[in-house]
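As given, the protein sequences belong to chains A and B, one line each in that order.
Take the first sequence: its position 305, counting from 1, is numbered 305 in our numbering, and each next residue is one higher.
Take the second sequence: its position 294, counting from 1, is numbered 1294 in our numbering, and each next residue is one higher.
Heads up, the beta-carbon is just placed ideally off N, CA and C, and yes, glycines get one too.
Since we're looking at a predicted model, the values are computed, not measured.
Presented below is the structure to which this report refers.
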Amino acid sequence: MTETREAAPVVAPGHDYASATAAISDVVLRRKPPRAWFVTFGLGFLGVLVLFYTMGVLVLKGVGIWGVNIPVGWGFDIINFVWWIGIGHAGTLISAILLLLRQEWRTSINRFAEAMTLFAVACAAMFPIFHLGRPWVFYWMLPYPSSTGMWPQFRSPLIWDVFAVSTYFTVSLLFWYVGLVPDLATMRDRVKNKLAKVLYGIGALGWRGAASHWERYETAYLLLAGLSTPLVVSVHSVVSLDFAVAQLPGWHSTMFPPYFVAGAIYSGFAMVLTLLIPLRKLYGMGDFITMRHMDNMAKVMLATGLIVAYGYGLEAFTAWYSPSDFEQTLQRTRMHGPYAPFYWSLILCNVLVPQLLWFRRFRSRLAVLWVISLVVNVGMWLERFVIVVTSLHRDFLPSSWGMYTPTIFDISFLLGTIGLFLACLFLFIRVLPMISIFEVRTLVSPNKERGKGT
Amino acid sequence: MPGDPIRRELARLRRPALAAAVIGLAACAAGFFLDRQLLLRSYLLAFLFWTGLSLGSLGLLMVQHLSGGRWGFAIQRPLEAAAKVLPLCALLFLPILLGQAEIYEWAHEDVVAGDPVLELRVGRYLNTPFFVARAVLYFLVWCGLALLLAGKSRARDEGAASAVKWLKGVSGPGLVLLGLSITFASIDWSMSTEPHWFSTMYGLHYMAGYGLSALLLMVLVMARLRHWEPASRVAQPPLFHDLGTLSFALTMVWAYFSFSQYLIVWSGNLPEETPWYARRAQGGWEALAAALLLLHFVVPFFLLLSRRLKRSAVVLARVALCLLALRVLDLYWVLAPAFHPAGPSPHWLDLATLLGLGGLWLLVFYRNLGAAPLLAREDPRAAQLESQAHPA
């Protein structure tokens, strides 16, 4: 693909209010979905069916259908939970932190990334809930005055997870919805179908674009951005504490919170690229999602990838510098034990391959960038596998060592959530504008006053 | 330029710095004969603080080359000036190199012998030859980066078109090198005062602290010079707002790193790890911890949220000065309990070393600051500034 690279604009030249509005909203309102939409949505829907089947068997038979055992009591469920939660970090980062940093380029990708966040968090939440064994009593994790006298263990980060994830989901949803309101009004005004007009109208909350509306909107959006920012950091910090508060070598490391947060952003941006590169082409959104976006996202990936690599390096140094036999053995097991191929694939995927992103030559080739983003997605999954499984399978007592092999139900649960994610995402693209129309309008506006934030 | 007001202001600032250097170093000389061990241990703290200002500046300098933004353009030259003090810091490291045995217990063979942890660590890492070699390497990297970046930035002033690309190209790998070297330097120079203890967060904690210190210094410099051309062109409320917001962010990052480390050590409750905090939670050290929690986190959190405060150069500079003092206190709390486990025992030598090294550091900093035009020319951001004649 030969596209300009030198300081590519955030929006391609030649657009005005009307053309930008039409280009984005017509995807939903006028144009027929491309065939690829039906194919991908169909695949996603198939995945959802697989997910329902797996859940059904799981509820009937219990978690015994999974590969988890003693000593590896956490398997795919936790790996996938952390993987999905990590993916869900790009959205809020892009919308909140980049807004506060006045990075204008975020405007055309924030809506999509936020939607992706919501669906990823929803996928993530399924794993711990179904790992409970009796998912229908999940509310026991909440501190409510129950007649059973059950009270959560507040010293456990697993309980903090409940609060962290549910808060994150709620605030992300609000943030996404508040950002949608002006666009829902645009959709309401442009749609021809009566029923759709009513539905968009309900969503638009009576938005008329009055100056007072905009003023309140700006304040609310900025406040929500401020509220979301600590949440971006806190959620994955709490997830990292699930591991770090334990005494297990490979889990107990003080660096875990920032290291996990960097990994989450890494995988989140990788997923955004994985999805946006084909979608941009499919819907001809190259005018709004330009090479500038691709380049910036690739750079964020490189930076966070380097932090993650710093983490791996420091872990190895710690083991080498540690007088503890257990620490040293763990690192040796990771590098040479039965799961060594996973460790070395992880290094390949997360550390070596992304170094290509240093070079603009590779960042400006979408095909290369897309492959790298896929590789990072795989790498981040492998990272969680290595952390969870290699640390557990050989702990302090050699007599209790064991191996972990996932079953077909582990795999179908993972594939099912991927299907759910895709299906939700493609429904979103079908019914809502995937790019924030009114924010793009501020970018093409002759006097760019709004959209800067403070 | 004769009569350049910025030069005159820098000349005015040089006098107290010279006085501090003379008085401080004279007191250090007295301390050398009184109690060499106490002197060197105080010296280490002062060295880590002032070198940290240079290292933090070097880091911010590379960050702004990569990220752009008007705040980076405005403080680029002061950052370069601070980074270019690093050769002096290398010189100031010599007493620590020569006085290792007075500071670090791992430098004593009799202490190491029979202690399995120390035997392993000294055998692998904490031995004098390797310690010296690493220090040489760190300073080579730091001085090299500082001089190269500052030199290229001047070359850009002269119109060297390749310099713009070059500055960006070096800053990325430079940040990687800086991060790694600060991590290992913090392990070598600071963490090894308690050689049984280890924490993977340590290097990050130092990086956040150093970045914050450098940023606070920049607030002070810009506030001081804001009345005079050409600083007055950039030192406007929006700049202080940006610097204040960044200080807020780094203060939170520092708190996040500090608390994460504490929480994980507390939860693990392992005998190898808790002594570090146990030592810092008794004999009066806990009062310092509480003060840090309150003054280095809670108070600045609320102060720096205020938009009005951040846009006022005078008020923000006052807050920055207090926070800079708290940066010293944080270093003191991290470092000194290793030497005084019974409780804080402040000594006039602590002050003397801080003054003496600080005077020297500032003298070189002011000289560097006067040696280059305060605003970089040929920076793409310079043109933007010209186009908006009256910044909001």
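For residue i, name the three-state secondary structure that DSSP assigns.
i          : result
ALA1101(B) : helix
ARG155(A)  : coil
HIS336(A)  : helix
VAL297(A)  : The question names Val, yet the displayed sequence has Met at residue 297(A). MET297(A) falls in the helix class under three-state DSSP.
VAL1299(B) : helix
ARG1070(B) : helix
PRO1129(B) : helix
ARG1008(B) : helix
ILE277(A)  : helix
SER237(A)  : helix
LYS1152(B) : helix
ARG31(A)   : coil
MET1001(B) : With a pLDDT of 46 at MET1001(B), under the threshold of 50, the predicted position of this residue should be treated as unreliable, though the coordinate-derived value follows. Note: MET1001(B) maps to coil in three-state DSSP.
PHE175(A)  : helix
LEU422(A)  : helix
ARG1377(B) : coil
ASP287(A)  : coil
PRO1087(B) : helix
ILE435(A)  : coil
PRO9(A)    : coil
SER253(A)  : coil
VAL245(A)  : coil
LEU1055(B) : helix
LEU205(A)  : coil
HIS1065(B) : helix
LYS192(A)  : coil
THR1245(B) : helix
ASN80(A)   : helix
ALA20(A)   : helix
MET1207(B) : helix
ASN1368(B) : helix
ALA1017(B) : helix
Quick one: which chain B residues come within Cβ less than 9 angstroms of residue i?
i         : result
PHE256(A) : THR1200, MET1201, SER1260 and ILE1264
At a CB-CB cut-off below 8 angstroms, which residues of chain B make contact with residue i?
i         : result
VAL245(A) : LEU1263, ILE1264, SER1267 and GLY1268
SER237(A) : TYR1256 and SER1260
HIS252(A) : ILE1264, GLY1268 and LEU1270
Can you pull the chain A residues whose beta carbon is under 7 angstroms from the beta carbon of residue i, in chain order?
i         : result
LEU982(B) : Nothing in the structure corresponds to residue 982(B), since chain B is present only between 1001 and 1392.
Show which residues of chain B have a CB atom less than 7 angstroms away from the CB atom of residue i.
i         : result
TYR310(A) : GLY1179
Using a Cβ-Cβ cutoff of 9 angstroms, what residues of the segment 1151-1181 of chain B are near chain A? List them in chain order. Under the 9 angstroms Cβ criterion, the segment 1151-1181 of chain B contributes GLY1172, PRO1173, LEU1175, VAL1176, GLY1179 and LEU1180.
Sequence ranges, alpha helix (DSSP H) only - wholly within the segment 346-402 of chain A, length at least 4: For secondary structure counted as the alpha helix (DSSP H) over 4 or more consecutive residues, the segment 346-402 of chain A holds these complete runs in sequence order: 360-363 and 366-385.
The segment 337-360 of chain A: positions lying closer than 9 angstroms to chain B by Cβ: Contacts with chain B (Cβ-Cβ distance below 9 angstroms) from the segment 337-360 of chain A involve TRP358, listed in chain order.
Using a Cβ-Cβ cut-off of less than 9 angstroms, list which residues of the segment 313-334 of chain A approach chain B; keep chain order. So the close ones are GLY313, LEU314, GLU315, PHE317, THR318, TRP320, TYR321, SER322, PRO323 and SER324.
Could you name the residues of the segment 1099-1128 of chain B whose beta carbon sits closer than 8 angstroms to any beta carbon of chain A, in the order they occur along the chain? Contact residues of the segment 1099-1128 of chain B toward chain A are PRO1116, VAL1117, LEU1120, ARG1121, ARG1124 and TYR1125 (C-beta to C-beta distance below 8 angstroms).
If contact is defined by three or more beta carbon pairs under 8 angstroms, each pair taking one atom from either stretch, is the segment 1084-1093 of chain B in contact with the segment 1132-1151 of chain B? The segment 1132-1151 of chain B and the segment 1084-1093 of chain B touch, with no fewer than 3 CB-CB distances between them shorter than 8 angstroms.
Stretch-stretch touch, CB-based, cutoff 8 angstroms, three pairs: the segment 1031-1043 of chain B with the segment 1198-1211 of chain B: Short answer: they don't touch.
Enumerated in chain order, which unbroken segments of the alpha helix (DSSP H) with a length of 4 residues or greater are wholly contained in the segment 90-135 of chain A? If you keep only unbroken alpha helix (DSSP H) runs of at least 4 residues inside the segment 90-135 of chain A, you get 110-131.
Give a yes or no on contact between the segment 29-45 of chain A and the segment 421-429 of chain A, applying the rule of three or more CB pairs nearer than 8 angstroms. For the pair of segments examined, the segment 29-45 of chain A was found to touch the segment 421-429 of chain A: the number of CB pairs separated by less than 8 angstroms reaches three.
4-residue-minimum alpha helix (DSSP H) runs that sit fully inside the segment 1266-1333 of chain B, ordered along the chain: You should have 1274-1279, 1285-1293, 1299-1303 and 1307-1311.
Report yes or no: do the segment 1254-1268 of chain B and the segment 239-254 of chain A share at least 3 C-beta pairs separated by less than 8 angstroms? Taking a contact to require three or more Cβ pairs closer than 8 angstroms, the segment 1254-1268 of chain B and the segment 239-254 of chain A qualify as touching.
Which ranges would you report for the alpha helix (DSSP H) in the segment 1154-1193 of chain B if only whole runs of at least 4 residues count? Within the segment 1154-1193 of chain B, the complete alpha helix (DSSP H) runs of at least 4 residues are 1162-1189.
Chain-ordered residues of the segment 291-307 of chain A with a beta carbon less than 7 angstroms from chain B: Hits within the stretch, in order: LEU306.
Are the segment 383-394 of chain A and the segment 365-372 of chain A in contact at 8 angstroms, needing three or more beta carbon pairs? No contact exists between the segment 383-394 of chain A and the segment 365-372 of chain A.
To be precise: take each residue of the segment 221-237 of chain A, compare its Cβ to all Cβ atoms of chain B, and keep it if any distance is under 7 angstroms. Which residues remain? Those residues of the segment 221-237 of chain A that come within reach of chain B (Cβ to Cβ, closer than 7 angstroms) are VAL233 and SER237.
Would you call the segment 1223-1233 of chain B in contact with the segment 1355-1374 of chain B, where contact means no fewer than 3 C-beta pairs closer than 8 angstroms? In short, these stretches touch, since the Cβ pair count reaches three.
Contact between the segment 327-341 of chain A and the segment 261-273 of chain A (3+ Cβ pairs under 8 angstroms): Inter-segment contact for the segment 327-341 of chain A and the segment 261-273 of chain A is absent: fewer than three beta-carbon pairs are separated by less than 8 angstroms.
Report yes or no: do three or more beta-carbon pairs, one from the segment 230-244 of chain A and one from the segment 51-59 of chain A, lie closer than 8 angstroms? By the Cβ criterion, the segment 230-244 of chain A is not in contact with the segment 51-59 of chain A, since fewer than three pairs of Cβ atoms, one from each stretch, lie closer than 8 angstroms.
Does the structure place the segment 1204-1218 of chain B close enough to the segment 1326-1337 of chain B that three or more beta carbon pairs sit under 8 angstroms? Contact annotation: the segment 1326-1337 of chain B touches the segment 1204-1218 of chain B, with at least three C-beta pairs closer than 8 angstroms.
Taking three-plus beta-carbon pairs below 8 angstroms as touching, is the segment 1354-1373 of chain B in contact with the segment 1046-1057 of chain B? These segments touch.
I want to know whether the segment 122-138 of chain A touches the segment 176-185 of chain A - three or more CB-CB distances under 8 angstroms. Segments in contact, no.
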